[in-house]
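Have a look at the structure below, then the notes.
In our numbering, the protein residues as written are 13 to 348.
Take a look at the structure:
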């Protein structure tokens, strides 16, 4: 059996493993507030998130196409000797970083990890010329500005909630919002699938192009879409409690009315990005929406120490994953 074919199969398996890990690493964010407020029991929340992530992943492919075409030029990828090793190195680096941050309960970004890793391995393989400058710039801008937008929208939305419900009994308002939060958790899980599951689809398609098994201008194949949606759904059902505890409780004390505002904000920003085919960090967006809501609720109620640790991790993920994947590519190139 041809070594290129074997490496491509390995890349597909690793990409599905990345998607599975992404399921228990990042998807936990979409249900963190509903579990924290006891609107949903953890088991029910995880089942809901698994189903809605699968549905979301099967609905769109725009982000997958951006990952495939806008980080490394597909034509350059075909010309790189052992081009599939670029993707394999990126996946190993992305998975390693995800597992490290998951173990320590840090809501790092799988998106930053895999995008940085693909860029790093591409540079190691063919220099900076392999990158699509316009595409990378567009993606980096989306990664930077989406959490800022989520913070602002969360702050504004909760400020409106405070005005609208200022004369209502707080406990009654929270009881009513607890039911609404089940719906917003489902919505946020759906939008998560429209963005995060797409990244593994794009990675697998890149590997198929690099191996000559698919032309650069063809669509995402159905089996790729179904397998990635399934992997993320299964990953969601397995774990995520460590991240839920950080996002759902260590940033601020969340009540149902806070949770609804944060969920609506996160879902709106993520869906907007998916609609215009931009990959964003769902972790950053959801965490920033909670920070925005928390700041509008009571500035001193936000646990800024936890937020600071998260922000530092956000900034170091891109360069660390890029450097790690470049090193892994050089090692793999020696072996193969």
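Glycine is no exception: its CB is placed at the ideal position from the N, C-alpha and C atoms.
Neighbourhood of residue i by C-beta distance below 7 angstroms, restricted to the same chain and skipping five residues each side
{"i": "residue 285", "result": "154, 158, 207, 292"}
{"i": "residue 95", "result": "89, 222"}
{"i": "residue 136", "result": "338, 341, 342"}
{"i": "residue 267", "result": "49, 186"}
{"i": "residue 239", "result": "28"}
{"i": "residue 194", "result": "46, 51, 52"}
8 angstroms contact criterion, which residue i and residue j should meet: CB distance rounded
{"i": "residue 282", "j": "residue 294", "result": "6 angstroms"}
{"i": "residue 90", "j": "residue 219", "result": "Not really, about 12 angstroms apart at Cβ, beyond 8 angstroms."}
{"i": "residue 249", "j": "residue 62", "result": "5 angstroms"}
Nonlocal neighbours in the same chain, by C-beta distance under 6 angstroms from residue i, ignoring five residues either side
{"i": "residue 301", "result": "162, 166, 274, 277, 278"}
{"i": "residue 346", "result": "none"}
{"i": "residue 330", "result": "124, 128"}
{"i": "residue 337", "result": "101, 102, 105, 129, 132, 133"}
{"i": "residue 92", "result": "137, 138"}
{"i": "residue 190", "result": "51, 268"}
Whether residue i touches residue j by CB criterion (8 angstroms)
{"i": "residue 216", "j": "residue 27", "result": "yes"}
{"i": "residue 4", "j": "residue 171", "result": "The question about residue 4 has no answer here: the residues shown for the chain are numbered 13 through 348."}
{"i": "residue 247", "j": "residue 31", "result": "yes"}
{"i": "residue 143", "j": "residue 84", "result": "yes"}
{"i": "residue 147", "j": "residue 229", "result": "no"}
{"i": "residue 20", "j": "residue 225", "result": "yes"}
{"i": "residue 35", "j": "residue 243", "result": "yes"}
{"i": "residue 108", "j": "residue 214", "result": "no"}
{"i": "residue 304", "j": "residue 164", "result": "yes"}
{"i": "residue 289", "j": "residue 78", "result": "yes"}
{"i": "residue 5", "j": "residue 272", "result": "Summary: the structure shown does not reach residue 5, with the chain confined to residues 13 through 348, and so no result is reported for it."}
{"i": "residue 110", "j": "residue 33", "result": "yes"}
{"i": "residue 241", "j": "residue 209", "result": "yes"}
One or two residues paired with residue i in a DSSP bridge
{"i": "residue 342", "result": "Answer is none; residue 342 lacks a bridge partner."}
{"i": "residue 143", "result": "84"}
Residue i beta carbon near the ligand GTP (any heavy atom closer than 7 angstroms)
{"i": "residue 320", "result": "Inclusion of the ligand GTP in the displayed structure is not the case, the ligand content being empty and no account of it being possible."}
Problem - Inter-stretch contact at 8 angstroms, needing at least 3 Cβ pairs: the stretch 128 to 146 / the stretch 93 to 107 - result: The stretch 128 to 146 makes contact with the stretch 93 to 107, as at least three CB pairs between them are under 8 angstroms.
Problem - Segment contact flag, the stretch 93 to 100 with the stretch 226 to 245, C-beta cutoff 8 angstroms, min 3 pairs - result: Contact check between the stretch 93 to 100 and the stretch 226 to 245: fewer than three CB pairs, one atom from each, fall below 8 angstroms, which does not count as touching.
Problem - Segment contact, 8 angstroms Cβ cut-off, at least three pairs: the stretch 198 to 212 with the stretch 65 to 76 - result: The stretch 198 to 212 vs the stretch 65 to 76: in contact.
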